[in-house]
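Structure, as structure tokens:
There are 2 protein chains.
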Amino acid sequence: MPHHAEEIAAAVTTRATLRDVAMLAGVSPKTASRVVNGETGVSPAKVNAVQRAVAQLNYRPNFTASALRRSTGRTAAIGAVLENVANPFSSALHRALEDVARSRDVMIFAGSVDEDPAREKILVQAFTARQADALVVVPASDNQAYLAHEITAGTPVIFVDRPPVGVLADAVLADNRAGAAAAVHHLVAHGHRDIGYLGDLSTIATAAERLQGYKEALSDHGIRPQPDHIVHDLHTEDAARAAALRLTTGRRPPTAYFTAQNLVTIGAIRALRELHQHEQIALVGFDDFPLADLLQPAVTVVAQDPFRMGLVAADLIFRRLDGQRWEPTTHLVPTRLIPRGSGEITGPHPRQS
Amino acid sequence: MPHHAEEIAAAVTTRATLRDVAMLAGVSPKTASRVVNGETGVSPAKVNAVQRAVAQLNYRPNFTASALRRSTGRTAAIGAVLENVANPFSSALHRALEDVARSRDVMIFAGSVDEDPAREKILVQAFTARQADALVVVPASDNQAYLAHEITAGTPVIFVDRPPVGVLADAVLADNRAGAAAAVHHLVAHGHRDIGYLGDLSTIATAAERLQGYKEALSDHGIRPQPDHIVHDLHTEDAARAAALRLTTGRRPPTAYFTAQNLVTIGAIRALRELHQHEQIALVGFDDFPLADLLQPAVTVVAQDPFRMGLVAADLIFRRLDGQRWEPTTHLVPTRLIPRGSGEITGPHPRQS
DNA sequence: ACGGATTTCGACAACGATGTCAACGCAGTG
DNA sequence: CACTGCGTTGACATCGTTGTCGAAATCCGT
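Each protein sequence line maps, in turn, to chains V and Y. Numbered per UniProt numbering, the first sequence spans residues 1 to 353. Numbered per UniProt numbering, the second sequence spans residues 1 to 353.
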């Protein structure tokens, strides 16, 4: 159906195209395109005519069509496969990506995986089908070999928080092992030798790393970990609370806890409160959370820096998009132990020194 | 440049197109398209050949090109103009949108405005340029007339948390006025008559509504609000803390506070702690926050339900996208007062009844 | 006034995909 | 045997935009 002038006038209900603008301005679509894109070499008279037509028709360029035609094919969009856009870690990461992307006029597509491996693939597919220029992935599945094709096809893929398996790619990880070890060293230094471990799903790579750090640190002090004081697979606050209740009311309860994830920390705190042990039993949590400093006692944590991780990931992405080449590299972002009170409750084995 | 067979074999570095698939399978692009889209009326032999070619070339359809050609032109993407993807309100809203969108295979573009009116327009532009099928907007500017064109062009636009100005559109709002009034009634019922108000930027519509509710509730009880106990434009935790410190150490300090926003609430709590007044001065905050129940005293709040607001907004969007028509409507999502302790500290005017 | 350089402009094809439609092959019918 | 009808298939145009390239108009210096 050809576009006639009278149609254009009547067509307030539909979006104007460059053809419509060109027709109204009495120029070719190509010239209209030139004006819209601010190219030089168009006579002032035509520039004016096109600009008036643009305003009159409220023309908005179709960026997807433009990207399709353009040589680079860039869509100026990055896909972020996150754990859950609503949790603080993911959303801080998301925000960091956005901040860097904003300076380049790039948008972020974000989606939540909820630890569902199938969902991870679905989201990656959805983002690649929409021609995302790059992907940021917090993997939930146990293998990301399916991403090899995207990477060889030139799409930068950066893994964040958890390392890739089955494929070589850049990764930005917290130093989970060192962070967990620091927590344990801190507790031992405050006189604890019987330190309970409460952790997330053992399928999650970071959880495994933190357990490893916990065990290594204990072994550094010649302490043999008590198997029944190590509990995995606590994926909800309530599961963590139940586990902490059980351990604390058992015979020979731990004198301190290392809680290896946010919700686990909070669940454990609830349990200790209920048992009125929160001023007696020490606790260090992995991953900081808002208001940790306002609780009684304030909660000592090993803080990650998800915002910084996002900044690093975004930097890698844009360096790759700018054409830089390098071997896939893993970047460790350090953690920081923040003593606030709960981790400084002294235990029964004060240091001799 | 034409696609030759040997090019296809060598072209592992570039993304395969439907042309490549068709060529390798020995069929026309149209037939390949039919197979990829699962249309009927293709002989089993060709279906097989195409599927093999798809697998061999790791073909992934270009959804943006498809959307461009398709009659509906839907991109299966919704733009969300949020306050800040990293704050709990926005991210809960975001997540609700995602949950509903997921069931329709629709993705969410999200961006943060940070209360910057210019940024609001930029994001809307970016989303419409990318042909988002619909927009969810938490406005920060004082006028959204610029969106009228999108709406008449048939793009559903739903305002959330704050009403639109200068344009008619659906809106999903918390019942700010009633919620604020409920907080004040609650405090009065516990013996308070001198209730300080600490609020966010007065340019934000919700802040104005909450102040209005506060004033009306006071007036219902025949209380004249004290002008110097009303402080606006507290947009950071620290500004709120400073204001609470100032009011509380002034002569004739309020016996209770209504803090009209999240960070303001937390800032006020910090101030009261520092002055050791947190067990003496009552406080009700607007908007719930995690761990409010673990503080000492636990914090009484008027809870909004951003997740529900997102669900309602998403429902409106998809009903519009499905072709339903109705006059723009405002949906009020009720708030809920959650007594936890800080709001039940009794004041100097216990009720006679 | 002339030739050549420069500027301005539009026709055309193409990006990757699909709607339209006509052509083809093959079976069944009169 | 010619004809109809159905199921397959591909040629072509098109979505909105821009890269390429040559034509036309304008400019300059001599």
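Each residue gets a CB set at the ideal place from its N, CA and C atoms; glycine is no exception.
Residue i at chain Y interface by Cβ criterion, 8 Å
{"i": "histidine 94 of chain V", "result": "yes"}
{"i": "histidine 3 of chain V", "result": "Here the model assigns histidine 3 of chain V a pLDDT of 43, short of 50, so the residue's position is not dependable, and the following value carries that caveat. By this cut-off, histidine 3 of chain V is not an interface position."}
{"i": "alanine 9 of chain V", "result": "Low confidence applies to alanine 9 of chain V: its pLDDT is 42, below 50, so where it sits in the model is not reliable, and the reading given next is rough at best. No, alanine 9 of chain V does not count as interfacial toward chain Y."}
{"i": "proline 163 of chain V", "result": "no"}
{"i": "methionine 107 of chain V", "result": "yes"}
{"i": "leucine 294 of chain V", "result": "yes"}
{"i": "proline 348 of chain V", "result": "no"}
{"i": "valine 312 of chain V", "result": "no"}
{"i": "alanine 118 of chain V", "result": "no"}
{"i": "glutamate 115 of chain V", "result": "no"}
{"i": "glutamate 344 of chain V", "result": "no"}
{"i": "proline 227 of chain V", "result": "no"}
{"i": "arginine 15 of chain V", "result": "yes"}
{"i": "valine 85 of chain V", "result": "yes"}
{"i": "alanine 126 of chain V", "result": "yes"}
{"i": "alanine 275 of chain V", "result": "Checking the displayed sequence, the identity of residue 275 of chain V turns out to be leucine instead of alanine. So no, leucine 275 of chain V is outside the interface."}
{"i": "serine 353 of chain V", "result": "With a pLDDT of only 48 at serine 353 of chain V, under 50, the local geometry of the prediction cannot be trusted, and the value read off the model is given with reservation. Serine 353 of chain V does not count as touching chain Y."}
Neighbour flag for residue i against chain V, beta carbons, 8 Å
{"i": "valine 333 of chain Y", "result": "no"}
{"i": "proline 156 of chain Y", "result": "no"}
{"i": "alanine 153 of chain Y", "result": "yes"}
{"i": "alanine 110 of chain Y", "result": "yes"}
{"i": "asparagine 48 of chain Y", "result": "no"}
{"i": "glutamate 98 of chain Y", "result": "yes"}
{"i": "serine 202 of chain Y", "result": "no"}
{"i": "leucine 234 of chain Y", "result": "no"}
{"i": "leucine 291 of chain Y", "result": "yes"}
{"i": "histidine 186 of chain Y", "result": "no"}
{"i": "arginine 241 of chain Y", "result": "no"}
Under 8 Å by beta carbon: chain V residues contacting residue i
{"i": "glutamine 304 of chain Y", "result": "Near glutamine 304 of chain Y there are no residues of chain V at all, since even the closest Cβ is about 15 Å away, more than 8 Å."}
{"i": "isoleucine 269 of chain Y", "result": "Leu294"}
{"i": "proline 339 of chain Y", "result": "In chain order: nothing, as chain V lies at least about 19 Å away."}
Residues that residue i contacts on chain Y, provided the C-beta gap is smaller than 9 Å
{"i": "threonine 64 of chain V", "result": "Thr64, Ala65, Ala67, Leu68, Thr75, Ala129, Arg130 and Gln131"}
Cβ distance (whole Å) where residue i is taken to contact residue j below 8 Å
{"i": "histidine 235 of chain V", "j": "aspartate 200 of chain V", "result": "6 Å"}
{"i": "arginine 95 of chain V", "j": "serine 112 of chain Y", "result": "7 Å"}
{"i": "valine 138 of chain V", "j": "glutamate 83 of chain V", "result": "5 Å"}
{"i": "phenylalanine 89 of chain Y", "j": "proline 227 of chain Y", "result": "With 8 Å as the limit, phenylalanine 89 of chain Y and proline 227 of chain Y do not qualify as a contact, their Cβ atoms being about 29 Å apart."}
{"i": "glycine 191 of chain Y", "j": "threonine 346 of chain Y", "result": "5 Å"}
{"i": "valine 81 of chain Y", "j": "leucine 123 of chain Y", "result": "5 Å"}
{"i": "valine 36 of chain V", "j": "leucine 18 of chain V", "result": "7 Å"}
{"i": "valine 100 of chain Y", "j": "phenylalanine 318 of chain Y", "result": "7 Å"}
Amino acids of chain Y, ordered along the chain, whose beta-carbon sits closer than 8 Å to that of residue i
{"i": "asparagine 143 of chain V", "result": "By Cβ distance, chain Y contributes nothing, its closest Cβ being about 16 Å from asparagine 143 of chain V, past 8 Å."}
Pair within 8 Å by beta-carbon distance, residue i and residue j
{"i": "residue 371 of chain V", "j": "leucine 135 of chain V", "result": "With chain V running from 1 to 353 in the structure shown, residue 371 of chain V is simply not present."}
{"i": "glutamine 296 of chain Y", "j": "glutamine 277 of chain V", "result": "no"}
{"i": "phenylalanine 109 of chain V", "j": "phenylalanine 258 of chain Y", "result": "no"}
{"i": "threonine 64 of chain Y", "j": "glutamine 131 of chain V", "result": "yes"}
{"i": "alanine 256 of chain V", "j": "alanine 282 of chain V", "result": "yes"}
{"i": "valine 231 of chain V", "j": "leucine 247 of chain V", "result": "yes"}
{"i": "histidine 185 of chain Y", "j": "glycine 343 of chain Y", "result": "no"}
{"i": "proline 254 of chain Y", "j": "glycine 179 of chain Y", "result": "no"}
{"i": "aspartate 142 of chain V", "j": "valine 106 of chain V", "result": "no"}
{"i": "alanine 129 of chain Y", "j": "arginine 210 of chain Y", "result": "no"}
{"i": "proline 268 of chain Y", "j": "alanine 303 of chain Y", "result": "The residue you asked about is not proline; residue 268 of chain Y is alanine in the sequence shown. Result no, Cβ atoms of alanine 268 of chain Y and alanine 303 of chain Y do not sit closer than 8 Å."}
{"i": "valine 172 of chain Y", "j": "valine 333 of chain Y", "result": "yes"}
{"i": "alanine 271 of chain V", "j": "arginine 251 of chain V", "result": "no"}
{"i": "alanine 118 of chain Y", "j": "tyrosine 59 of chain Y", "result": "no"}
Cross-chain neighbours of residue i in chain V, by beta carbon under 7 Å
{"i": "histidine 149 of chain Y", "result": "Asn58"}
{"i": "asparagine 37 of chain Y", "result": "In chain order: nothing, as chain V lies at least about 13 Å away."}
{"i": "serine 91 of chain Y", "result": "Val85, Ala86 and Ser91"}
Where residue i meets chain V, residues with beta-carbon distance less than 9 Å
{"i": "proline 61 of chain Y", "result": "Ala129"}
### Message
For a minimum of 4 consecutive residues, which ranges assigned as the alpha helix (DSSP H) are wholly contained in the segment 81 to 121 of chain Y?
### Response
88 to 102
### Query
Which ranges would you report for the beta strand (DSSP E) in the segment 264 to 293 of chain Y if only whole runs of at least 3 residues count?
282 to 286
### Query
Going along the chain, which unbroken runs of the beta strand (DSSP E) with 3 or more residues stay wholly within the segment 298 to 329 of chain Y?
300 to 303
### 4-residue-minimum alpha helix (DSSP H) runs that sit fully inside the segment 176 to 221 of chain V, ordered along the chain
176 to 189 and 205 to 220
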